Amino acid sequence: MNTYIDIILRSVSVYFFMIIALRIFGKKELSQLNTADVILILLISNSVQNAMVGNNTSLWGGLAAATVLFFINFVLKKLMYEYKGFSDFMQEKPEILIHDGNLDFKSLSKLNITADELKEAMREHGVENYKDVKLAMLEIDGNISIISGDKNLIQTHYKRKIRRKKIIV
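In terms of the UniProt record's numbering, the numbers along the sequence shown are unbroken and rise by one, the last being 169.
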């Protein structure tokens, strides 16, 4: 079989394996990364590299695998945009974590979200107490969004920003 067709088939297989694995292990893994999660991602990328390119360690082999991954990702995003049923299948639904100050322990347990993780998200949104939270949701992208306040609802959304060093020339 042609080496590049082999790389394409291997890359497609690994891509879909990773989608299924992330679907099984949960969306929390996408956004709420801790040290162990980062190490896991690095090790997974290293472990599946040979599964995609086999013995071909050439520049063209690596570029072929990367191109296939970008293409599959592009096609899946288009399909998810066009077909709601496919999007529902590929992505989990948002989950309610807190409603009117009451924690949903069943959801928190199912999603493996600890009290410390939830408190961290609340602090990131400027909320101190559970009772001040009108609604806390684990969104489909893995972020926790929080709506707080009494009469005038305040919605905040916190996304970690990467700090970049300024280079002075």
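We treat Cβ as the ideally placed atom computed from N, Cα and C, and that holds for glycine.
Note that the structure is a prediction, hence the values are computed from the model and not measured.
Membership of K134 in the beta strand (DSSP E) is indicated by the continuous run 133-138. In the DSSP assignment, L103 is bridged to I98. Membership of I72 in the alpha helix (DSSP H) is indicated by the continuous run 59-82.
Counting C-beta pairs closer than 8 Å gives three or more between the segment 4-24 and the segment 38-55, which meets the contact rule. For I146, the uninterrupted beta strand (DSSP E) segment begins and ends at 144-148. Contact between S148 and V133 is confirmed by a C-beta separation of about 5 Å, below the 8 Å threshold. N73 and P94 have their C-alpha atoms some 22 Å from each other.
Cβ neighbours of I39 within its own chain (closer than 6 Å, five residues either side excluded): none. Taking a cut-off of 8 Å on C-beta distances, the segment 115-127 does not touch the segment 83-92, as fewer than three cross pairs fall below it.
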